[in-house]
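First up is the structure itself, then whatever we jot down about it.
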Amino acid sequence: MINNLSGPIGRHVLYPLLASGLGLVIALILGLGKFDGNVTGFFRIGDVIPVSPYLSAQSVFIHQGKTGHDGQQFLTIALDPGLGNPQTLKSLDVPAYRYRRIFYPFLGWLLGLGQSGWIPYTLVLVNILCFGVSVWGLGKLLPQQPSSLPLLFLTIPGLWISFSIATADLLSTTLVILTLGSYQQKRPWQTWCWQALALLTRETTLLVWFALVMTSGLKRRKLDLVFAPLALVPWGLWNFYLRWRLGPAWDSQSLGTHFSWPLTGIIAKVQQLITTPMSLTQGLDLIVFLVQIAVVIGIGLAVRQAWGKQPEIVLAGGLYSLMFILAKLQILNLFTDYSRVFLDLYLFLLLLWPYHPVRYRIVIFSLLGLVSVAYLLGFATEPV
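Just so you know, the sequence shown maps onto residues 3 to 386 in our numbering.
Spelled out as structure tokens, the structure:
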């Protein structure tokens, strides 16, 4: 029995259930403790940007003195995914940018049957399920590694930050895992369907698309090269619809808003860390920033060994590392933001597990786990 739990049963059943169970426990602790049983507390709704016209300001959990975070934007979109009410635009900071990431709010709307009272719950539920699906998918991607290895995925701070403020980052990474798993198993239809959904969740997953296309070209996987462009169709059609629907309100953020010359943001971040007085938050920020640099270096050092067996992971990791090198301070300002933006970097590091020294792996994932625990404790006890 013990051997079964450490083998296929543990990998494909027990550990995924454990992961989602942990997510459920954390959700209950936050929902009942921090948010007084009001599920809208997860969405970090502030008192600056107006709440959705489908919500009553008296019925939602307001974080006083806060502008409102990404979670508030996703909830607003989930309550009106087709942009049927023009008043919804008043509850969004950059409507075109926000509405591009439609799949997470749409999934919440779909599971909530379009009912405004149910949708906040289903959005949180989606993220709870993502923990289990991700661990299950990693079990498929790492068949030759210890069956419990996918549980290290749960040490990544970006997952818990995304979960605690109800954003799409966790779902996006889950879809990347499913995409890579299907690609590894040579299932073109599944691969590019998952990739299409990933693009509708976060446009940065276009880097994974490029990595898979390049790998397919190198390996002469003709069927994948045929299907790959189809994954862009839903994303393109949705953006076309938004441009038509928003009309004069179209104001999508450009690449220049978040990215600049190489190392510009990293140098600015180092200056920020040196000049800012040390606190618990700044300490965690310093740890995560140094770990992120170590992750980028680790992925680079694994290229030579991993290229022959996992070129798609090497290419994806390289493209995401380049994105980190080009990122402005606007993205790198605080670990609660950039650890979500670059969440997939940690995924690629985990997938390159066999190619890193034991000490490196122990240090990196121990620090990640420490930051995750510290963040959750700090978030749970933070005054609201």
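Using N, Cα and C, we set each Cβ at its ideal position, and we do this for glycine too.
Look at the Cβ atom of residue i, then the Cβ atom of residue j, and state whether they are nearer than 9 Å.
{"i": "Val235", "j": "Ala198", "result": "yes"}
{"i": "Leu177", "j": "Trp196", "result": "yes"}
{"i": "Pro356", "j": "Gln186", "result": "no"}
{"i": "Val316", "j": "Ala329", "result": "no"}
{"i": "Thr296", "j": "Ile366", "result": "For the record, residue 296 in the displayed sequence is Ala; it is not Thr. Against a cut-off of 9 Å, the Cβ pair of Ile366 and Ala296 comes out as a contact."}
{"i": "His71", "j": "Arg46", "result": "yes"}
{"i": "Leu19", "j": "Gly134", "result": "yes"}
{"i": "Leu336", "j": "Thr283", "result": "yes"}
{"i": "Leu379", "j": "Ile179", "result": "no"}
{"i": "Leu345", "j": "Ser174", "result": "yes"}
{"i": "Ser118", "j": "Tyr56", "result": "yes"}
{"i": "Leu347", "j": "Ser374", "result": "no"}
{"i": "Ile301", "j": "Gly319", "result": "yes"}
{"i": "Gly371", "j": "Thr157", "result": "yes"}
{"i": "Leu151", "j": "Val128", "result": "no"}
{"i": "Val50", "j": "Lys68", "result": "yes"}
{"i": "Leu85", "j": "Leu321", "result": "no"}
{"i": "Ile167", "j": "Phe63", "result": "no"}
Whose C-beta lies closer than 7 Å to the C-beta of residue i among residues of the same chain, with five residues either side of it excluded?
{"i": "Ala376", "result": "Leu286"}
{"i": "Gly35", "result": "Ala382"}
{"i": "Ala80", "result": "Pro107, Gly110, Trp111, Ile121 and Leu125"}
{"i": "Val41", "result": "Gly33, Pro122, Tyr123 and Val126"}
{"i": "Thr169", "result": "Asp72, Gly73, Phe76 and Arg342"}
{"i": "Leu369", "result": "Ile289 and Val293"}
{"i": "Thr181", "result": "Thr193, Trp196, Gln197, Ala200 and Val210"}
{"i": "Pro250", "result": "none"}
{"i": "His65", "result": "Arg46, Ile47, Gly48 and Val386"}
{"i": "His87", "result": "Note that residue 87 corresponds to Asn in the displayed sequence, not to His. Excluding sequence neighbours, Asn87 sits near Pro55."}
{"i": "Asp387", "result": "Beyond the ends of the chain as shown, which are 3 and 386, falls residue 387; an answer cannot be given."}
{"i": "Arg100", "result": "Gln75, Ile79 and Leu94"}
{"i": "His260", "result": "Ala329, Lys330, Gln332 and Ile333"}
{"i": "Leu116", "result": "Sequence inspection shows Gly at residue 116; the Leu mentioned does not correspond to that position. Excluding sequence neighbours, Gly116 sits near nothing in its chain."}
{"i": "Leu208", "result": "Leu201"}
{"i": "Tyr362", "result": "Gly300"}
{"i": "Val137", "result": "Tyr17, Pro18, Ala21, Pro152, Leu153 and Phe155"}
Taking its Cβ as the centre, do 16 or more other Cβ atoms sit within 10 Å of residue i, making it buried, or is it exposed?
{"i": "Asp38", "result": "exposed"}
{"i": "Gln294", "result": "buried"}
{"i": "Lys224", "result": "exposed"}
{"i": "Ser281", "result": "exposed"}
{"i": "Ala29", "result": "buried"}
{"i": "Trp263", "result": "exposed"}
{"i": "Phe165", "result": "buried"}
{"i": "Gln312", "result": "buried"}
{"i": "Arg13", "result": "buried"}
{"i": "Ser93", "result": "buried"}
{"i": "Thr90", "result": "buried"}
{"i": "Trp246", "result": "exposed"}
{"i": "Ser61", "result": "exposed"}
{"i": "Pro97", "result": "buried"}
{"i": "Thr78", "result": "buried"}
{"i": "Ile268", "result": "buried"}
{"i": "Lys221", "result": "exposed"}
{"i": "Thr277", "result": "exposed"}
{"i": "Glu384", "result": "exposed"}
{"i": "Thr206", "result": "buried"}
{"i": "Lys271", "result": "buried"}
{"i": "Arg204", "result": "buried"}
{"i": "Phe242", "result": "exposed"}
{"i": "Gln238", "result": "Inspection of the sequence shows that residue 238 is occupied by Gly rather than by Gln. Classification of Gly238: exposed, given that the 10 Å Cβ count is below 16."}
By Cβ distance below 6 Å, which residues in the same chain neighbour residue i in space, the five residues on each side in sequence not counted?
{"i": "Asp226", "result": "Pro190 and Ser218"}
{"i": "Gln307", "result": "Tyr357"}
{"i": "Gly183", "result": "Gly139, Lys142 and Leu143"}
{"i": "Val215", "result": "Ala230"}
{"i": "Glu314", "result": "Ala213, Leu214 and Thr217"}
{"i": "Cys25", "result": "A quick correction: the sequence has Gly, not Cys, at residue 25. Excluding positions up to five away in sequence, the list reads Ile130 and Phe133."}
{"i": "Met3", "result": "Bear in mind that a pLDDT of 40 at Met3, under 50, signals an unreliable position, so the model cannot answer this."}
Under the assumption that residue i contacts residue j (Cβ atoms under 8 Å), give the Cβ distance between them as a whole number of angstroms.
{"i": "Leu172", "j": "Leu161", "result": "6 Å"}
{"i": "Gln22", "j": "Leu131", "result": "It is worth fixing the name first, because residue 22 is Ser in this sequence and not Gln. Yes, Ser22 and Leu131 are in contact; Cβ-Cβ is about 6 Å, under 8 Å."}
{"i": "Trp240", "j": "Leu202", "result": "6 Å"}
Beta-carbon within less than 8 Å of residue i's beta-carbon, same chain only, minus the 5 sequence neighbours each way: which residues are those?
{"i": "Leu232", "result": "Trp194 and Ala198"}
{"i": "Pro83", "result": "Ile104, Pro107, Phe108 and Trp111"}
{"i": "Ile31", "result": "Ala382"}
{"i": "Val298", "result": "Ser323, Phe326, Ile327 and Leu347"}
{"i": "Leu275", "result": "Gln284, Asp287, Leu288 and Phe291"}
{"i": "Ile11", "result": "none"}
{"i": "Leu354", "result": "Gly300, Ile301, Ala304, Ala308, Gln312, Ile315, Val316 and Gly319"}
Self-check item: Secondary structure, alpha helix (DSSP H): runs of 4+ residues fully inside the stretch 296-322
Solution: The stretch 296-322 contains these whole alpha helix (DSSP H) runs: 305-308.
Quiz item: What alpha helix (DSSP H) runs, 4 residues minimum, are completely inside the stretch 165-211?
Solution: 171-186 and 190-203, all fully within the stretch 165-211.
Quiz item: Mind pulling the beta strand (DSSP E) runs of 3 or more residues that sit fully within the stretch 334-375?
Solution: You should have found no qualifying run.
Exercise. Tell me the start and end of each unbroken beta strand (DSSP E) in the stretch 94-176 that is at least 3 residues and wholly inside, in chain order.
Key: For the stretch 94-176, not a single whole beta strand (DSSP E) run of length 3 or above is found.
Self-check item: Any alpha helix (DSSP H) of 4 or more consecutive residues that is wholly inside the stretch 43-96
Solution: With a minimum length of 4 residues, the continuous alpha helix (DSSP H) runs that stay inside the stretch 43-96 are 72-80.
Quiz item: Where are the alpha helix (DSSP H) runs, 4 residues long or more, that stay fully inside the stretch 238-290, in chain order?
Solution: The qualifying runs are 257-260 and 266-277.
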